[in-house]
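Scroll down for the structure; my scribbles are underneath it.
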Amino acid sequence: MRRALIALLASGALLSGSPVAVEAAPGPVVKGYAYGQHARQNMTVYGTKGPALVILHGGFWADDTNWSDWARWFADQGFTVYDTDYRLNSDAHWNAQREDALAALRWVTARHGGQRPLLLGSSAGGQIATVAGSYGAGAARVRGVVSLSPVATPYRAWVDGARDDAGRDRRRLRREARRLADCDPARDGRLCWERWADMAARTHASGAEDPPMYLVHSAHDFVPAAHSRDLATAQRVAGSSRTQVRVVPGAAHGAKLLDDRGVRRAVLRWLRARL
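Everything in the sequence shown is counted per our numbering, starting at 1 for the first residue and increasing by one.
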């Protein structure tokens, strides 16, 4: 579906912001929109009623992963779901991804008459979501942030990926984080360090000015819960205790965490409590 949307965008069919129906299968109404001029600055919208939920997919900042099934599920629970693409690290380096998320949030907020959306991110998309939520006065743009296995501190991922016992996913995460930053923190000087710091949500923690966050990892996640604990600690130092970190058994990562009925219900309950 995403490739079809990108093809439509390339042809200019969505650039006006007019909806294009992308399927007629049973379930929520599904339409595609563009929120910017780049081919990846698009979103697939599921449903037409209910509060807005913006989803940012994972994929190491490098892959366009498919969230359509879960987008439909959340739409069935009463949300208008905006399954949002953003520029990958092969398209543009940081901070293009944050700018895309902020632009998408502005677009959705305007479409909902100024009502702030909820935000859900997974893995690399979780990093973008936590930064979008903590950058500046994040509570002014989103009601709450759920992140599944967020790479909330990319520098931690860069370090972990160099360990002797690092698995394939951690090694790849290191490579892709370096590609996202477009510099090597071990050798490229102060400006490079500033970029890596800017990629970390904890750098932007603003306490009461940020929305509540619900951050979930599994016990053996290749993105460990230390990422989210870093952010929760920074928020506490800034005066807020509204960042909750949950660790569940197993090794599920990102969207796979929602396969657990308990996690799924807890996420839904948390989102509804922010309305």
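Using N, Cα and C, we set each Cβ at its ideal position, and we do this for glycine too. Everything numeric in this text was worked out from a predicted model, so none of it was measured.
- Taking every protein chain shown into account, the CB of Asp-182 has fewer than 16 other CB atoms within 10 angstroms, so this residue is exposed.
- Ser-147 is bridged by DSSP to Gly-121, Leu-215.
- Ranked by Cα distance from Gly-207, the options Ala-129, Ala-110, Gly-136, Ser-90 are led by Gly-136.
- Judged by pairs of C-beta atoms under 8 Å, the stretch 174-181 touches the stretch 156-164, as three or more such pairs exist.
- Short of 7 Å from the beta carbon of Arg-116, and not among the five residues preceding or following it, lie these beta carbons of its own chain, in chain order: Thr-109, Arg-141, Val-142, Arg-143.
- Taking Ala-124 as the centre and dropping the five residues before and after it, the same chain places the C-beta of Gly-58, Gly-59, Phe-60, Trp-61, Val-151 closer than 7 Å to its C-beta, in chain order.
- Taking Gln-235 as reference, the option from Ala-255, Asp-221, Ala-252, Glu-209 with the minimal CA-CA separation is Glu-209.
- Ala-71 is not a Cβ neighbour of Thr-130, given a cutoff of 9 Å.
- Residues of the same chain with a CB within less than 6 Å of the CB of Tyr-82, apart from the 5 flanking positions on each side, are Met-43, Val-45, Val-54, Val-108 in chain order.
- Here DSSP, grouped into helix, strand and coil, assigns Lys-49 to coil.
- Within the DSSP bridge table, the entry for Val-223 names no partner.
- Cβ neighbours of Asp-184 within its own chain (closer than 8 Å, five residues either side excluded): Arg-178, Cys-192.
- Taking a 10 Å sphere around the C-beta of Asp-85, we find 16 or more other C-beta atoms and assign the residue as buried.
- Distance between Leu-257 and Glu-99, taken at the CA atoms: about 27 Å.
- If you look at Arg-72, you'll find it in the alpha helix (DSSP H) that goes 68-76.
- According to the DSSP assignment, Val-81 belongs to the beta strand (DSSP E) that extends over 80-84.
- Contact between Pro-154 and Met-199 holds: their C-beta atoms lie close to 5 Å from each other, under 8 Å.
- Runs of the alpha helix (DSSP H) lying entirely within the stretch 135-189, each at least 4 residues long, are 154-160, 168-181 in chain order.
- Rounded to the nearest whole angstrom, the C-alpha separation of Ala-139 and Arg-190 is 30 Å.
- Boundaries of the beta strand (DSSP E) harbouring Arg-246: 243-248, taken from the DSSP string.
- In this structure, Ser-228 keeps its C-beta atom at 9 Å or more from the C-beta atom of Ala-205.
- Cβ-Cβ separation between Gly-250 and Ala-219: approximately 7 Å, consistent with a contact (criterion under 8 Å).
- Cβ contact annotation for Gly-36 (same chain, cutoff 6 Å, sequence separation greater than five): Ala-103, in chain order.
- In this structure, the straight-line span from the alpha carbon of Ala-92 to that of Ser-122 is close to 20 Å.
- As the crow flies, the alpha-carbon of Ser-134 is around 24 Å from that of Arg-264.
- If the five residues before and after Gly-47 are omitted, its C-beta is found closer than 7 Å to the C-beta atoms of Pro-28, Val-29, Ala-75, Phe-79, Thr-80, Val-81, all from its own chain and listed in chain order.
- In the DSSP secondary-structure assignment, Val-54 is bridged to Tyr-82, Leu-119.
- For Tyr-35, no pairing in a beta bridge is given by DSSP.
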